[in-house]
Amino acid sequence: MNGIAKRTAGLLAGAALLCVAWTATALVQGGNLVIAWPAIQEPASLDGHIDPYQSTWMFNSLVADPLVVLAPDGSYKPALATSWTSSPDGREWTFKLRSGVKFQDGTAFDANAVKYNFERILDPKTASAQMKSDIGPMKTIEVVDPLTIKVTYDTPWVTLLDGLRRMPVWSPTAAEKHGLANFSRNLVGAGPFLFSEWVQNDRIVYKRWADYGGWNPMQTHQGPAWLDQVTIRFIGEAAVLGSIVRTGNAQVTFGLPARFVEEYKGKPNFQFFGKDQSGTGLQHVMNVRTPPLSDIRVRRAILHAADMKAINDLVYDGVYAPSEGPLNNNHPCFWEGNAKVYPHDLNKARALLEEAGWRAPAAGQGQIRIARGGAGVADGTPLKVRYATLHHRELGEALQGQLRRVGIDLVVEQVPGPVQLDRVRRRDFDLMFERQRSPDPLILDQIWNSKWDQPGGWAWTGFKDATLDATVDKLRSIPDPKARCEVAKEAQKIIMENALMLPTLSDPVFFAMSPKVKGFQVGAEGNWFFLNNTWLER
């Protein structure tokens, strides 16, 4: 090759490299991502210190990095905390914090800011429904130095990391400026996106924060995130939610309804995947304080009459996962005996109801049983059980038909989250949807320890049992995972023997995506994802 040819080849090669570099830059920098979200999961507040729902914490994570992150492999990774140590008994935790971090309002992130966030959650005025129980009753919160904070407990708290990975760390300056009533619309953290607006019943909008330092360990590049904007669009109609990616009005659907799975699964012009969620499944807990569910025979009859496999096949084309106990079947601590306690048996259900004083109606008087002496209600009262749910109304309606076969009138109602919590506060429910998601069995303590039967707590049933309380209490103090699971299995036996909840099914989170979406990362649980590396192909 002569000199001219060599120079020409070199120029062409250089131009090609520049072209590739320019193309890569153009592809990854920018893009307005629209995510369609089920409207029923829109929270009442976007302040995760107050609101108890998983969707709120997910939305918060776009604005506020946490101290630690739960990685897709289930391990805890340092984020705003660079490292941590705990005493062998789990009563003392020390966190080293990342230096050089500022909140989006320009104020410093340091140990005083973390202390403020802890104290804000623990302050009764905040009325923290879930986060308070996650981080636990901290006895002392000590600022050791500007980048070191130590907390102590009177009782072991071995699950602190699982609470912190959900906890948004807010700017104290912004939180104080706007107050509890208004901060939900003025969120300021140290995450990849700036909170822009929240139009209720419509959308939440985030803008890229140009000064973000890539503190989330899931981010694989330096500097800010690549997307210019993220919009969460709340969609109330299942048909719209199922078709919105196909019509191009959103690039991602979170929580694709099961009946639309086949429209995306395996199709070359779409991305589709589902992710299981370890936790309680779509369970309904029973209010044992008042009839008819104060009678264990009625509770057991409901469990014998329900056939969730049939409901899965009928309503969800069999794509949902089984959930046969207080922890769903894919949970690391699931007790295999759950499925054997209440086999589907309509005759057994009918016999239990007869024994409990609910007699079958006379010929020509319908299907619903009525009370006679001993049922704890006025003679002639129909056997009605109220079933309240946030979503998956169709599951309740299918169950309604099954329970009618044994003479129970199941009244199904779908309610928003604030109504759910208000009814729980007033103890005005029979069967109430209650769900927790975590691969840690600590959720059994949150739901079944009677000490959490208090405002903002999650022990809703009214059931008090010293053995169950002592059993789930141990989950806060045993660090060994295998030993914790054995304790969790003992707790599940007690819960099932007392028929305190109705297991139903476990819904994987289904995602439908445009092929233009790149770098979308799903977390260890289906309801969590990271957008730090996401970009849109143009």
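Throughout the sequence shown, residue numbering follows our numbering, covering 228 to 765 in sequence. A virtual CB, placed ideally from N, CA and C, is assigned to each residue, including glycine. Computed from a predicted model, the values in this text were never measured in an experiment.
**Item:** Opening and closing residue of the alpha helix (DSSP H) in which L535 lies
**Value:** To locate residue 535, count along the sequence shown from 1; it is residue 308. Sequence check: residue 535 is Met here, not Leu. Run containing M535: M535 to Y543, per the alpha helix (DSSP H) assignment.
**Request:** With DSSP as the reference, label E319 as helix, strand or coil.
**Result:** On the sequence shown, position 92 is the one that residue 319 refers to. E319: strand per DSSP, three-state reduction.
**Asked** Which whole-angstrom value is the C-beta distance of F487 and G475, which I expect to be below 8 Å?
**Response** Within the sequence shown, the letter at position 260 stands for residue 487. Within the sequence shown, the letter at position 248 stands for residue 475. Actually they do not touch by this definition, with Cβ atoms about 16 Å apart.
**Message:** So, at 8 Å on beta carbons, what are the nonlocal neighbours of Q478 in its own chain, with the 5 sequence-adjacent residues on each side left out?
**Reply:** Position 251 of the sequence shown, counted from the start, is the residue given in the question as residue 478. Same-chain partners within the cutoff: L260, V261, I262, V472, M740, S741, K743, V744 and L763.
**Prompt:** How do the region 635–643 and the region 600–618 stand: do at least 3 beta-carbon pairs fall below 8 Å, yes or no?
**Reply:** yes
**Asked** Does DSSP put F756 in a helix, a strand or coil?
**Response** Position 529 of the sequence shown holds residue 756. Looking at F756 - three-state DSSP - the assignment turns out to be strand.
**Request:** Specify whether the region 378–397 and the region 282–300 touch according to this definition: at least 3 beta carbon pairs, one from each stretch, less than 8 Å apart.
**Result:** yes
**Request:** Would you mind giving the Cβ-Cβ distance between S665 and S505, rounded to the nearest angstrom? I have them listed as a contact below 8 Å.
**Result:** As a first step, residue 665 must be located in the sequence shown, where it is residue number 438. As a first step, residue 505 must be located in the sequence shown, where it is residue number 278. About 7 Å; that satisfies the 8 Å criterion.
**Item:** Boundaries of the beta strand (DSSP E) in which W425 is found, first to last residue
**Value:** What you label residue 425 is simply residue 198 of the sequence shown in a count that begins at 1. Unbroken beta strand (DSSP E) run through W425: F420 to V426.
**Message:** Whole angstroms are fine: how far does the CA of K404 sit from the CA of N413?
**Reply:** The residue given as residue 413 occupies position 186 in the sequence shown. The residue given as residue 404 occupies position 177 in the sequence shown. Answer to the nearest angstrom: the Cα atoms are 10 Å apart.
**Prompt:** Roughly how many angstroms separate the alpha carbons of R325 and A532, rounded to a whole number?
**Reply:** Residue numbering aside, residue 325 sits at position 98 when the sequence shown is read from its first letter. Residue numbering aside, residue 532 sits at position 305 when the sequence shown is read from its first letter. Taking the straight line joining both Cα atoms gives about 55 Å.
**Message:** So, at 7 Å on beta carbons, what are the nonlocal neighbours of A271 in its own chain, with the 5 sequence-adjacent residues on each side left out?
**Reply:** Position 44 of the sequence shown, counted from the first residue, corresponds to residue 271. Cβ neighbours of A271 beyond the five flanking positions: D278, G644 and P645.
**Message:** Out of F345, G623, P706 and V467, which one is the CA nearest neighbour of P265?
**Reply:** What you label residue 265 is simply residue 38 of the sequence shown in a count that begins at 1. Per the Cα distances, V467.
**Prompt:** Nearest-angstrom Cα distance between D214 and R524?
**Reply:** Given that the chain is displayed from residue 228 to residue 765, the structure contains no residue 214 and the question cannot be resolved.
**contact_flag[the region 540–555, the region 699–707] where n(CB pairs < 8 Å) is 3 or more** = no
**Asked** Is the Cβ-Cβ distance between D429 and F481 less than 9 Å?
**Response** As a first step, residue 429 must be located in the sequence shown, where it is residue number 202. As a first step, residue 481 must be located in the sequence shown, where it is residue number 254. For D429 and F481, no; Cβs fall outside 9 Å.
**Request:** May I ask you to report which of helix, strand or coil DSSP gives Y380?
**Result:** As a working note, residue 380 is residue 153 in the sequence shown. Reduced to three states, the DSSP call for Y380 is strand.
**Prompt:** Using CA coordinates, which residue listed in L758, G750 and N760 is at the minimum distance from K502?
**Reply:** As a first step, residue 502 must be located in the sequence shown, where it is residue number 275. Of L758, G750 and N760, the residue nearest in Cα terms is G750.
**Message:** To the nearest angstrom, how far is the alpha carbon of R652 from that of A356?
**Reply:** Residue 652 sits at position 425 when you count from the first residue of the sequence shown. Residue 356 sits at position 129 when you count from the first residue of the sequence shown. Whole-angstrom Cα-Cα distance: 12 Å.
**Request:** Would you decide whether K678 is buried or exposed? Buried here means 16 or more other CB atoms lie within 10 Å of its CB.
**Result:** Reading the sequence shown from its first residue, position 451 is the one you call residue 678. With fewer than 16 other Cβ atoms within 10 Å, it is exposed.
**Request:** Just mark H619 as buried or exposed, buried being the case when its beta carbon has 16 or more other beta carbons within 10 Å.
**Result:** Taking the first residue of the sequence shown as position 1, residue 619 is located at position 392. Label assigned to H619: buried.
**Item:** F336 - DSSP class collapsed to helix/strand/coil
**Value:** On the sequence shown, residue 336 is found 109 positions in, with the first residue counted as 1. Coil at F336, not helix or strand.
**Prompt:** Given P588, which residues of its chain have a CB within under 8 Å of its CB, disregarding the five upstream and five downstream residues?
**Reply:** In the sequence shown, counting from the first residue as 1, residue 588 sits at position 361. Result list for P588: Q594, I595, R596, I597 and G634, in chain order.
**Asked** Along the chain, which unbroken stretches of the beta strand (DSSP E) at least 3 residues long are found entirely within the region 632–659?
**Response** 636–641
**Request:** Could you pull out every residue in the same chain whose Cβ sits closer than 8 Å to the Cβ of T250, ignoring the five residues on either side in sequence?
**Result:** Indexing the sequence shown from 1 puts residue 250 at position 23. The predicted model places T250 with a pLDDT of 39, which falls under 50 and marks its position as unreliable, so this point remains unresolved.
**Request:** For W585, collect the residues of the same chain with a Cβ closer than 8 Å to its Cβ; drop the 5 residues on either side in sequence, then sort them by chain order.
**Result:** Here residue 585 is taken as the residue at index 358 of the sequence shown, counted from 1. Excluding positions up to five away in sequence, the list reads P519, V525, R596, I597, A598, R599, A602, L610 and G634.
**Message:** I need the DSSP call for W311, collapsed to helix, strand or coil.
**Reply:** Residue mapping note: residue 311 aligns to position 84 of the sequence shown, counting from 1. Reduced to three states, the DSSP call for W311 is strand.
**Prompt:** Under three-state DSSP, which class holds Q629?
**Reply:** In the sequence shown, residue 629 corresponds to position 402, counting from 1. Helix, per DSSP.
**Asked** If D734 sits next to L541, beta carbons under 8 Å apart, how far is it from one beta carbon to the other, in whole angstroms?
**Response** In the sequence shown, the residue the question calls residue 734 occupies position 507. In the sequence shown, the residue the question calls residue 541 occupies position 314. Between L541 and D734 the Cβ distance is about 15 Å, and since that is not below 8 Å, they are no contact.
**Prompt:** When we look at the beta-carbon of A452 and count the other beta-carbons within 10 Å, is it buried (16 or more) or exposed?
**Reply:** Counting from 1 along the sequence shown, the entry for residue 452 is found at position 225. Buried, since its Cβ has 16 or more Cβ neighbours within 10 Å.
**Item:** Same chain only: Cβ atoms within 6 Å of Y569, ignoring 5 sequence neighbours per side
**Value:** Taking the first residue of the sequence shown as position 1, residue 569 is located at position 342. Once the five neighbours on either side are set aside, the close Cβ partners of Y569 are L530 and H531.
**Outcome for A590 when other beta-carbon atoms lying within 10 angstroms are tallied against a minimum of 16** = Counting from 1 along the sequence shown, the entry for residue 590 is found at position 363. Flag for A590 reads exposed.
**Prompt:** Taking buried to mean at least 16 other C-beta atoms within 10 Å of its own C-beta, is V512 buried or exposed?
**Reply:** Translated into the one-based positions of the sequence shown, residue 512 becomes position 285. V512 should be labelled buried.
**Request:** Give a yes or no on whether the C-beta atoms belonging to V378 and M365 are separated by under 9 Å.
**Result:** Position 151 of the sequence shown, counted from the start, is the residue given in the question as residue 378. Position 138 of the sequence shown, counted from the start, is the residue given in the question as residue 365. In contact: V378 and M365 (Cβ atoms closer than 9 Å).
**Request:** Give the range of the beta strand (DSSP E) segment to which T688 is assigned.
**Result:** Taking the first residue of the sequence shown as position 1, residue 688 is located at position 461. No beta strand (DSSP E) contains T688, which DSSP labels as neither H nor E.
**Contact set for F660: own chain, Cβ-Cβ below 6 Å, skip 5 residues either direction** = Residue numbering aside, residue 660 sits at position 433 when the sequence shown is read from its first letter. H511, T616 and L617.
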